[in-house]
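The sequence shown begins at 518 in the numbering used here and counts up one residue at a time.
Beta carbons are placed, not taken as given, at the ideal position from N, Cα and C, and that holds for glycine.
In this text the structure is predicted, and so the values were computed from the model without any measurement.
Taking it in order: structure first as structure tokens, then the write-up.
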Amino acid sequence: MKRALITGITGQDGAYLANLLLDKGYKVFGTVRRSTSEKFLNLKHLGIYENIDFCDFDLLEISNIQNVIKKTKPDEIYHLAAQSFVPTSFEVPIVTTDINALGTLRILDSINAINRKIKFYQASSWYFRNVW
Numbered sequence: 518m519k520r521a522l523i524t525g526i527t528g529q530d531g532a533y534l535a536n537l538l539l540d541k542g543y544k545v546f547g548t549v550r551r552s553t554s555e556k557f558l559n560l561k562h563l564g565i566y567e568n569i570d571f572c573d574f575d576l577l578e579i580s581n582i583q584n585v586i587k588k589t590k591p592d593e594i595y596h597l598a599a600q601s602f603v604p605t606s607f608e609v610p611i612v613t614t615d616i617n618a619l620g621t622l623r624i625l626d627s628i629n630a631i632n633r634k635i636k637f638y639q640a641s642s643w644y645f646r647n648v649w
């Protein structure tokens, strides 16, 4: 049985991806931020909440990322988590960059250190504005 780790599983895209992978027979692990209240409406709406193993996850902490990868032993990581609320990204651009860019780098570095055979997919977009 293939194992998938999905960051950002509570979002719309993460929930639909989890549903697809479960239908294909995957064991699915989903990450949730430990500092916020979890919102599982998308997963519950699809009727798959009970089929997901959840892990506390923090993109700012590499040791946490490494522990989650070691614990879940994924064959594939789907990285959908990000600070994606545009007004917040303008209010705290350094934190947004740390989460979105360096958080991704931390995952890649962890894959490199733990198991280079893990397949990695990242869904992202970057918006830059001209401030001059």
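- Take the alpha-carbon of residue 635 and the one of residue 608: they are about 35 angstroms apart.
- Counting every other CB atom within 10 Å of its CB across the protein chains shown gives residue 580 a total below 16, marking it as exposed.
- Taking a 10 Å sphere around the C-beta of residue 606, we find 16 or more other C-beta atoms and assign the residue as buried.
- Residue burial annotation: residue 630 is exposed, with fewer than 16 other C-beta atoms found within 10 angstroms of its C-beta.
- DSSP, read as helix, strand or coil, puts residue 576 in coil.
- With 16 or more neighbouring CB atoms inside 10 Å of its own CB, residue 627 falls in the buried class.
- Rounded to whole angstroms, residue 572 and residue 604 show a C-alpha spacing of 28 angstroms.
- Between the beta-carbon of residue 574 and that of residue 566 there is about 17 angstroms, and that puts the pair past the 8 angstroms contact cut.
- Within the same chain, 631 come within 7 angstroms of residue 587 by CB-CB distance, once the 5 residues on both sides are set aside.
- Distance from the CA of residue 519 to the CA of residue 614, rounded to the nearest whole angstrom, comes to 32 angstroms.
- One alpha carbon belongs to residue 551, the other to residue 592, and they sit about 24 angstroms apart.
- If you ignore the 5 residues before and after residue 548, its C-beta comes within less than 6 angstroms of the C-beta of 524, 572, 574, all in its own chain and listed in chain order.
- Between residue 589 and residue 546, the CB-CB gap stays under 8 angstroms.
- Judged by DSSP in its simplified three-state form, residue 630 adopts helix.
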